[in-house]
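**Q** Structure provided below as structure tokens; questions to follow.
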Amino acid sequence: MKALTYTAPGRFELIEKPKPEIIDPKDAVVRVTLSSICSSDLHILHGAVPQAEVGINVGHEMVGVVESIGAEVTKIKPGDRVAVNVETFCGECFYCKRGYVNNCTSGGWMLGCRIDGGQAEYVRVAYADTGLTPIPVNVSDEQALFVGDILATGYWAAKISEISEEDTVLIIGAGPTGLCTLECVQLYKPQRIVVCEADKSRRRFVRQHYPDVNVVEPTECLEILKSLTEGRGADRVIEVAGGEDTFELAWRCARPNAIVTIVALYEKEQILPLPWMYGKNLTFKTGGVDACDCDKIMQLISEGKIDTTHLITHRYPLSRIQEAYTLFANRSDGVIKTAIHPD
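The letter at position 301 of the sequence shown is residue 636 when you use my numbering, and the numbering goes up by one with no holes.
Here it is, written out as structure tokens:
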């Protein structure tokens with residue numbers, strides 16, 4: 336099969352590799368029908384993910400059809416359409432039982448990082464009963480494509496932010512994960528949502544698809560928030576951008592006693608200037624996605640309460656995936672997300 340492979344720091348190559356096989360009774364092999372490129376893949380390419388192993392197939396956003404299953408798999412069967420979870424988790428350890436699947440003692444973010452991922456024709460999924468989500472017949476591959484990663488991230492970020500209907504919620508970043516976060520924040524019906532984004536074309540995208548959302552530039556974000564909240568600032572801040580100055584922007588825009596949720600993946604260390612924020616009594620929630628709500632997210636899509644298909648702005652066959660990477664990395668042609676399909 337063809338697979339995009341991390342062959343050396345700074346280099347991905349589309350090469351021929353053996354088709355994966357069942358190696359554990361909890362495994363499944365999935366024929367990939369659609370995949371996508373994530374900013375985390377770019378972090379691997381740039382050398383910013385030290386745990387990424389040279390030689391693995393990259394990619395952790397995908398849907399497909401189950402080809403084969405191990406003897407202990409009970410949730411799915413060959414022929415089922417499924418979304419693949421970014422997290423590999425056993426479902427039984429201390430952390431999994433508490434919903435902290437990102438910290439699974441047997442897994443975590445492995446797919447496309449420490450084990451072979453799905454920017455390929457086939458992928459082996461470990462712990463298939465927890466790592467695969469069946470796709471209902473009324474949900475298309477494109478509708479389900481982001482369930483296992485960026486939608487799971489957005490859903491988790493909104494859930495832990497403890498949003499109420501009286502809140503003003505600030506989302507920093509209108510990239511793919513920021514937009515999925517916006518979709519999930521809307522489920523809580525807060526009084527006001529503000530999206531802060533530096534890129535002009537992405538601000539235009541938000542205004543086009545989410546006309547009830549306040550869209551601001553970073554330079555005006557704090558002042559506009561103050562004008563909307565009687566000088567207080569945001570009740571909830573979700574930082575999804577991961578830019579050089581966005582962490583500072585997040586805590587500065589938060590009102591005293593607010594919750595600041597950090598889901599961004601930074602390529603550099605961030606400073607926590609406690610003397611400057613003393614007295615704001617902020618609660619910070621940080622870390623990788625705990626993607627344990629994929630069944631619920633899929634149900635919400637099936638019910639028409641979440642729709643992210645408009646995020647797919649470009650489509651490529653697997654043979655042209657390097658072109659898709661160049662487009663995505665350079666943010667060319669108004670790209671939000673790409674969909675990679677078999678040739």
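We put the CB at the ideal spot given by N, CA and C, even for glycine.
1) Might you give, ordered along the chain, the residues of its own chain that have their beta carbon closer than 8 Å to the beta carbon of Ser-667, omitting 5 neighbours on each side?
2) Would you tell me roughly how many angstroms separate the C-alpha atoms of Ala-492 and Ile-573, rounded to the nearest one?
3) Let me know if Thr-621 comes out buried or exposed under the rule of 16 or more other beta-carbons within 10 Å of its beta-carbon.
4) Quick one: what does DSSP say Arg-567 is sitting in, helix, strand or coil?
5) Taking all protein chains shown into account, decide if Asp-628 is buried (16 or more other Cβ within 10 angstroms of its Cβ) or exposed.
6) In the DSSP assignment, what are the bridge partners of Gly-399?
7) Taking CB distances under 9 Å as the criterion, tell me whether Glu-638 reaches chain D.
8) According to DSSP, is His-381 part of a helix, a strand, or is it coil?
9) Determine, using beta carbons only, whether Ala-576 and Ile-498 come nearer to each other than 9 Å.
10) Beta-carbon within less than 8 Å of Gly-669's beta-carbon, same chain only, minus the 5 sequence neighbours each way: which residues are those?
11) Over the uninterrupted alpha helix (DSSP H) stretch that includes Cys-588, give me the two end residues.
12) By the DSSP assignment, the alpha helix (DSSP H) with Lys-432 in it spans what residues?
13) Apart from the five residues just before and just after Gly-434, which ones in its own chain have a Cβ nearer than 7 Å to its Cβ?
14) Would you check if the stretch 475-491 and the stretch 395-402 touch, i.e. whether three or more CB-CB distances between them fall below 8 Å?
15) Just to confirm, are Val-322 and Leu-467 a CB contact at a threshold of 9 Å?
16) How is Leu-467 classed by DSSP in three states: helix, strand or coil?
17) So, helix, strand or coil for Phe-663, using DSSP?
18) Let me know the alpha helix (DSSP H) ranges lying completely inside the stretch 452-500, each 4 residues or longer, listed in chain order.
19) If you follow the beta strand (DSSP E) that Val-550 is in, where does it begin and where does it stop?
20) Below 9 Å between beta carbons: does that hold for Ala-406 and Pro-355?
21) As a quick exercise: from Cys-448, Val-550, Gln-605 and Tyr-545, pick the residue whose alpha carbon is nearest that of Ile-641.
22) Smallest Cα separation from Ile-357: which of Ser-654, Arg-459 and Leu-617?
23) One question on the structure: do Thr-423 and Ile-450 come within less than 9 Å of each other, judged by their Cβ atoms?
24) Could you check which residue in Thr-368, Ala-338, Leu-607 and Pro-652 has the C-alpha nearest to that of Trp-586?
25) Can you have a look at Arg-682 and say buried or exposed, based on whether 16 or more other CB atoms are within 10 angstroms of its CB?
26) In three-state DSSP terms, what is Glu-348?
**A** Once the coordinates are examined:
1) On the sequence shown, position 332 is the one that residue 667 refers to. Short of 8 Å from the beta carbon of Ser-667, and not among the five residues preceding or following it, lie these beta carbons of its own chain, in chain order: Thr-661.
2) In the sequence shown, the residue the question calls residue 492 occupies position 157. In the sequence shown, the residue the question calls residue 573 occupies position 238. Cα to Cα, Ala-492 sits roughly 7 Å from Ile-573.
3) By 1-based counting over the sequence shown, the position of residue 621 is 286. Label assigned to Thr-621: exposed.
4) Within the sequence shown, residue 567 is the residue found at index 232, counting from 1. Of the three classes helix, strand and coil, the one that applies to Arg-567 here is coil, per DSSP.
5) Here the question's residue 628 lines up with position 293 in the sequence shown. Its Cβ being crowded by 16 or more others within 10 Å, Asp-628 is buried.
6) By 1-based counting over the sequence shown, the position of residue 399 is 64. The partner list for Gly-399 (beta bridge, DSSP) reads Val-367 and Val-417.
7) Annotation note: the requested chain D is absent from the structure, which comprises a single protein chain.
8) Locating residue 381 in the sequence shown gives position 46, counting from the first residue. Reduced to three states, the DSSP call for His-381 is coil.
9) In the sequence shown, residue 576 corresponds to position 241, counting from 1. In the sequence shown, residue 498 corresponds to position 163, counting from 1. At the C-beta level, Ala-576 and Ile-498 stay beyond 9 Å of one another.
10) Looking up residue 669 in the sequence shown gives position 334. Cβ within range, chain order: Ser-536, Phe-540 and Thr-648.
11) Here the question's residue 588 lines up with position 253 in the sequence shown. Here the alpha helix (DSSP H) through Cys-588 covers 581-588.
12) If you number the sequence shown from 1, residue 432 lands on position 97. Here the alpha helix (DSSP H) through Lys-432 covers 429-432.
13) Residue 434 sits at position 99 when you count from the first residue of the sequence shown. Cβ neighbours of Gly-434 beyond the five flanking positions: Asp-625 and Cys-627.
14) yes
15) No statement about residue 322 is possible, as the shown extent of the chain runs from 336 to 678 and does not include it.
16) Position 132 of the sequence shown holds residue 467. Three-state DSSP puts Leu-467 in a strand.
17) As a working mapping, residue 663 is identified with position 328 in the sequence shown. Phe-663: helix per DSSP, three-state reduction.
18) 463-466, 476-479 and 485-495
19) Translated into the one-based positions of the sequence shown, residue 550 becomes position 215. Counting along the chain, the beta strand (DSSP E) containing Val-550 begins and ends at 549-551.
20) Start at 1 with the first residue of the sequence shown, and residue 406 comes out as number 71. Start at 1 with the first residue of the sequence shown, and residue 355 comes out as number 20. Their beta carbons are not under 9 Å apart, which means Ala-406 does not touch Pro-355 by this criterion.
21) Here the question's residue 641 lines up with position 306 in the sequence shown. Residue Tyr-545 is the option with its Cα nearest to Ile-641.
22) Position 22 of the sequence shown, counting from 1, holds the residue named residue 357. Here the closest residue by C-alpha is Arg-459.
23) Position 88 of the sequence shown, counted from the start, is the residue given in the question as residue 423. Position 115 of the sequence shown, counted from the start, is the residue given in the question as residue 450. Closer than 9 Å, so yes.
24) On the sequence shown, position 251 is the one that residue 586 refers to. Across the set Thr-368, Ala-338, Leu-607 and Pro-652, the C-alpha of Leu-607 shows the shortest separation from the C-alpha of Trp-586.
25) For the chain, the structure presents residues 336 to 678; residue 682 sits outside this window and is missing.
26) Taking the first residue of the sequence shown as 1, we reach residue 348 at position 13. Three-state DSSP puts Glu-348 in a strand.
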